[in-house]
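Worksheet: one structure, shown below.
Number of protein chains: 2
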Amino acid sequence: MGTPVSESVPSAAVTTGPIEGSHKHYLELDHLRIPQRRIELTNGEHLDVYDTSGPYTDATAAVDVEGGLAPTRDSWQRPDPIDGAATQLAWARAGQVTDEMRFIAAREGVDVELVRSEVAIGRAVIPANHRHPECEPMIIGKRFAVKVNANIGNSAVSSSIAEEVEKMVWATRWGADTIMDLSTGKDIHTTREWIMRNSPVPVGTVPIYQALEKVKGDPTALTWEIYRDTVIEQAEQGVDYMTVHAGVLLRYVPLTARRVTGIVSRGGSIMAAWCLAHHEESFLYTHFAELCEIFRRYDITFSLGDGLRPGSIADANDEAQFAELRTLGELTGIAKSFGVQVMIEGPGHVPMHKIAENVRLEEELCEEAPFYTLGPLATDIAPAYDHITSAIGAAMIAQAGTAMLCYVTPKEHLGLPNRDDVKVGVITYKIAAHSADLAKGHPGAQQRDDALSKARFEFRWTDQFNLALDPDTAREYHDETMPAEPAKTAHFCSMCGPKFCSMRISADVRTYAEENGLVTAEDIDRKIAQEMAAKSAEFAESGNRVYLPLEATAGS
Amino acid sequence: MGTPVSESVPSAAVTTGPIEGSHKHYLELDHLRIPQRRIELTNGEHLDVYDTSGPYTDATAAVDVEGGLAPTRDSWQRPDPIDGAATQLAWARAGQVTDEMRFIAAREGVDVELVRSEVAIGRAVIPANHRHPECEPMIIGKRFAVKVNANIGNSAVSSSIAEEVEKMVWATRWGADTIMDLSTGKDIHTTREWIMRNSPVPVGTVPIYQALEKVKGDPTALTWEIYRDTVIEQAEQGVDYMTVHAGVLLRYVPLTARRVTGIVSRGGSIMAAWCLAHHEESFLYTHFAELCEIFRRYDITFSLGDGLRPGSIADANDEAQFAELRTLGELTGIAKSFGVQVMIEGPGHVPMHKIAENVRLEEELCEEAPFYTLGPLATDIAPAYDHITSAIGAAMIAQAGTAMLCYVTPKEHLGLPNRDDVKVGVITYKIAAHSADLAKGHPGAQQRDDALSKARFEFRWTDQFNLALDPDTAREYHDETMPAEPAKTAHFCSMCGPKFCSMRISADVRTYAEENGLVTAEDIDRKIAQEMAAKSAEFAESGNRVYLPLEATAGS
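Residue numbers (this note's numbering), protein chains in the order written: chain A, 160 to 715; chain B, 160 to 715.
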């Protein structure tokens, strides 16, 4: 691993092997191997779906957590820097197509020119630090599939390195497109090193957390130098994107004073505390250009943090939030002038009728940089169900144009997520993301819905389970009511029982329809038109009374 | 109970006692006692919330399941029938304010004239069969709080009467505003009798299910007479609203032939099978006027069923669905001409971008009769999580104007819900309904969000739990990470640990803001205007280059 480790993470500690009913499949494109998950169906067909899980679900891959994943991208062609910027943005602007772009185009099933042009104008980002060669490239942008981030990370209170690596493997197994390591405890560097070397997806961090550890948790003791050195330390490890709360300006801080929940972002409150204590402008803002210089060497993507995001329904879309957003727009322009990729973080807690405004303003103020939101929660009244309160907001904000959703687990506001919580959080957010893909008409998104619904209609229970986002739980729930194996092929389900089933009756309809020539929309329109004419006549004859007993007009 | 019972239901089988941290409170209004749940807070304040749970959560009430609840409404004034209609609609049209309307106005915190006028124009319904005097009146309409229905009911495969009564008590405990008894097995009459006599909320049924039992499950053997007698049997028991799939016309059936999932409504497919077998128009349609005559005697509310609702994303908003909706509009007019209250059932499975169209068309075609939808699921790919896929659609369709949401449990498509599933389904739908109330600006809705968020910000953990929709689970999750009792008063949480907490820092901001006179929106606007002017000057001086390193423009 190249770094001292205080704890050994045995390979046995991570989950390996394919998800039930599927296996790893690779699209071969020259020297690129693009992973997919192939779901085999019992009718001889198959469906290939986007696969974030890396080699862990490849039955033929040898997984060695201590050795890390293969540094595949090191063997790819990398263009020369342009004006100091060795970034996908700089290359895209110059018309150069990278291997990362080719990989992503195949992965998303789109033309590579769409990838290049969206990156070039800054409407999409490819978070891919040169020092994270284990990463399978992916793209975040509104023209592509909506992505999901899963936060992991120990805190001072609980958790171990082994647990965190497994959480990363576990989260990507169920579909996390990126993960953020939010560790705050001891061994923060080592934990991250293990995660980086084993992560097949981009890894994001919030460097201010580690910087704070270095000053023993006292925000007022932070300096630009300590922060900068922390960023470089993490850059060297390969962190792909970093949350920087550079929009929390001294003059905005008082705007939060009358809020119901003040400042709820940890990074935001650290910087607010610093600004207040020193009565100076944030060093993240005043040294932003230096940060850009560092980022463009590694191709680290900015995730400009919303340190003043609302922490409650009452505080949504307020002055503090939108003042900061304006500053994030200013910083977006600066970062892009350095050739650095940028995305913008968003709330938080927002009632449904105020969601679209967040996307509209973000796009207007931040040059359509990809929006990356935390939920938002559509109500505050359901702790223990905040994966659901936020999935509602997440689906809606993604439909409106948000490119990546940061998941929320059932433990939000209450405690740290365990393994089950991570899975529930990821699956819930895949639901939100996929619902938005459907609503946006993303090419191919509906194929999986159609395949699953067809399997359901044809009583192919096993296929229905395997096509689900979570085959294991679907199977388990079915087994609770209908445990026997023959039930998996039964042409009825537990809701109606064997005596009567609506699905079965529906099949009879098809035969009838074709026998009676009543199958097109035109057929029915003609029938209705005929009937309306007949009704008008009756209406006139009956003295134009508005309501008639139905029998008088309809007959049998 | 007055009916033969094949099984005794001991009172001990149902859940009693208040939800943690709250107790029953009654608003007294003449002879009316309107129930509320009073949540006591540790800071001496309290919050009263809408309470659907009946006497079961009243610590002072004697619960006797064999005796049933007190027939309170029998002692209320009931106006005389108007032109044969003894219905809330007829009375509302005649300008008469009933005790039910007064009860509801107090319960919703609105003027009684709003209740009367919305009922009078048919934009709201009060499902209250005269023979269900145990019912605490409630209203379903877009101008009032969004309601949630929970389906219960045994099937041929599993379940017992005792379980079903407890499911009703359990579902209303967590907030179900109505329940539907969808029993299909033996003892169907007796099960319903137990539920009716013990239900504090309106009960809905689908009479065709029981009619089908009477003809041993053969839909083609159904007749109008068998159906009518079943309706009268259920009407006598006190069923408050009935789903009638009278819009499934013979000529629409073939439109489902090319669907991915055909006809998925059980009632819809029964009627389709009947129509096809006899090659006749549906007896529900041809005898609709007779049905209205029955309904208006008891004041049963029509829930006009969407027998051709889509069962998959692929089938949403298709010809079959909207052809039926047009017929439901026609039937709405007829029912109202008899003075019978009507609501309209809606889908089902609908991608997000097609949701609003459902509400728009329903309102246009059905005289704005209250819309009552099942979800809809925003995607098909997550069996075992369909409470979530559908909560997304439910929140959105409620925001658009749907008045009541039929819950979906995690077992949807897979099996029958158990006790835990019922609770998760109800809580999930309370989230969707409440999110819509917030989005619609429903008076008072945000009070609970604000109270909970304030408790969160002030580290009043116990209040945060007790204000939650599910206090028990919130507490349990918190205990997993921070089990000790002192943690309930700790001024930090498990996410950040004791060393650093963003919530704590926020408190410091308030002091600062007031000391520096930076508290209003005007303060910040002035600051920004000043800065923009300064920047313009700098911009000109620097030769109008678009991007400048930040330090050059911002200083420190």
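For glycine and all other residues, C-beta sits at the position ideal for the given N, C-alpha and C.
Here the structure is a predicted model, which is why all the values come from computation and not from measurement.
Separation of residue j from residue i, as counted between CA atoms
{"i": "A489 (chain A)", "j": "I429 (chain A)", "result": "The displayed chain sequence assigns Glu, not Ala, to residue 489 (chain A). Roughly 21 angstroms between the two C-alpha positions."}
{"i": "S653 (chain A)", "j": "G584 (chain A)", "result": "Residue placement at S653 (chain A) is poorly supported in this model, since its pLDDT is 48, which falls under 50; the coordinates are not used for a value here."}
{"i": "R754 (chain B)", "j": "A304 (chain A)", "result": "The requested residue 754 (chain B) does not occur in the structure, where chain B is confined to residues 160 to 715."}
{"i": "R302 (chain B)", "j": "G574 (chain A)", "result": "38 angstroms"}
{"i": "Y457 (chain A)", "j": "V360 (chain A)", "result": "16 angstroms"}
{"i": "V222 (chain B)", "j": "L463 (chain B)", "result": "35 angstroms"}
{"i": "H348 (chain B)", "j": "A591 (chain A)", "result": "41 angstroms"}
{"i": "L484 (chain B)", "j": "R290 (chain A)", "result": "59 angstroms"}
{"i": "H404 (chain A)", "j": "Y566 (chain B)", "result": "40 angstroms"}
{"i": "D377 (chain B)", "j": "C434 (chain B)", "result": "13 angstroms"}
{"i": "I298 (chain B)", "j": "V284 (chain B)", "result": "6 angstroms"}
{"i": "G254 (chain B)", "j": "P535 (chain A)", "result": "44 angstroms"}
{"i": "P510 (chain A)", "j": "A264 (chain A)", "result": "35 angstroms"}
{"i": "A541 (chain B)", "j": "L188 (chain B)", "result": "47 angstroms"}
{"i": "L533 (chain A)", "j": "G312 (chain A)", "result": "17 angstroms"}
{"i": "W353 (chain B)", "j": "R332 (chain B)", "result": "17 angstroms"}
{"i": "G203 (chain B)", "j": "E617 (chain A)", "result": "59 angstroms"}
{"i": "A220 (chain A)", "j": "P214 (chain A)", "result": "6 angstroms"}
{"i": "T712 (chain A)", "j": "T445 (chain B)", "result": "Summary for T712 (chain A): the model assigns pLDDT 28, below 50, so the residue's position carries little reliability; its value from the coordinates is reported in the next sentence. Going by the C-alpha atoms only, they are around 9 angstroms apart."}
{"i": "A475 (chain B)", "j": "R607 (chain A)", "result": "16 angstroms"}
{"i": "M355 (chain A)", "j": "G466 (chain A)", "result": "26 angstroms"}
{"i": "L228 (chain B)", "j": "E295 (chain B)", "result": "11 angstroms"}
{"i": "E199 (chain B)", "j": "R266 (chain B)", "result": "19 angstroms"}
{"i": "A172 (chain A)", "j": "G226 (chain A)", "result": "14 angstroms"}
Where residue i meets chain A, residues with beta-carbon distance less than 7 angstroms
{"i": "H205 (chain B)", "result": "Within chain A, no residue comes near H205 (chain B); the closest Cβ sits about 16 angstroms away, beyond 7 angstroms."}
{"i": "P139 (chain B)", "result": "Coverage of chain B is limited to positions 160 through 715, which leaves residue 139 (chain B) absent and any answer about it impossible."}
Close beta carbons around residue i, own chain, < 6 angstroms, minus the five adjacent residues each side
{"i": "T491 (chain A)", "result": "V501, C525, E526, A528"}
{"i": "I551 (chain B)", "result": "A537"}
{"i": "G560 (chain B)", "result": "K301, V518"}
{"i": "P286 (chain B)", "result": "P361, D399, Y400, T460"}
{"i": "R232 (chain B)", "result": "P292"}
{"i": "G727 (chain B)", "result": "Residue 727 (chain B) lies beyond the residue range present for chain B, which begins at 160 and ends at 715; the question has no answer from this structure."}
{"i": "E449 (chain B)", "result": "none"}
Endpoints, alpha helix (DSSP H) assigned at residue i
{"i": "P630 (chain B)", "result": "630-640"}
{"i": "L191 (chain A)", "result": "That residue, L191 (chain A), is in no alpha helix (DSSP H); its beta strand (DSSP E) goes 191-199."}
{"i": "Y368 (chain A)", "result": "366-373"}
{"i": "I547 (chain B)", "result": "545-558"}
{"i": "H289 (chain B)", "result": "Careful: H289 (chain B) lies outside any alpha helix (DSSP H) and carries neither H nor E."}
{"i": "T350 (chain B)", "result": "347-357"}
{"i": "V278 (chain B)", "result": "271-279"}
Partner residues on chain B for residue i, Cβ-Cβ distance less than 8 angstroms
{"i": "Q780 (chain A)", "result": "A question about residue 780 (chain A) goes unanswered here, because the residues of chain A that appear run from 160 up to 715."}
{"i": "M511 (chain A)", "result": "A554, M555, Q558, S594, A595, L597, A598"}
{"i": "A591 (chain A)", "result": "I551"}
Cβ neighbours of residue i in the same chain (closer than 8 angstroms, five flanking residues each side left out)
{"i": "Y368 (chain B)", "result": "L341, S342, T343, I347, R425, G426"}
{"i": "L381 (chain A)", "result": "I367, A370, L371, V374, I429, W433, F442"}
{"i": "N308 (chain A)", "result": "A335, D336, T337, I338, M339, G363, Y531, M563, L564, C565, Y566"}
{"i": "T174 (chain B)", "result": "Y215, E325, V328, W329, R332"}
7 angstroms CB neighbourhood of residue i in its chain, flanking five on each side removed
{"i": "F447 (chain A)", "result": "A405, L490, I493"}
{"i": "D596 (chain B)", "result": "A304, V305, A604"}
{"i": "E478 (chain B)", "result": "L414"}
N-terminal and C-terminal residue of the beta strand (DSSP E) that residue i is part of
{"i": "E526 (chain B)", "result": "It is not in any beta strand (DSSP E) - E526 (chain B) carries neither H nor E in the DSSP assignment."}
{"i": "F530 (chain A)", "result": "530-533"}
{"i": "L414 (chain A)", "result": "First-last for L414 (chain A): undefined, no H or E at that position."}
7 angstroms Cβ cut-off: residues of chain B touching residue i
{"i": "D539 (chain A)", "result": "D608, L611, S612"}
Under 8 angstroms by beta carbon: chain A residues contacting residue i
{"i": "H184 (chain B)", "result": "In chain order: nothing, as chain A lies at least about 19 angstroms away."}
Every unbroken alpha helix (DSSP H) within the segment 587-632 of chain B, with a cutoff of 4 residues, ordered by chain:
604-616, 620-626
Can you list, in chain order, the stretches of the alpha helix (DSSP H) that have 4 or more residues and sit fully within the segment 449-499 of chain B?
478-496
Run through the segment 193-259 of chain A for me and flag every whole alpha helix (DSSP H) of 4 or more residues, listed as ranges in chain order.
247-252
Return the chain-ordered ranges of every alpha helix (DSSP H) run that is complete within the segment 391-441 of chain A and spans a minimum of 4 residues.
425-437
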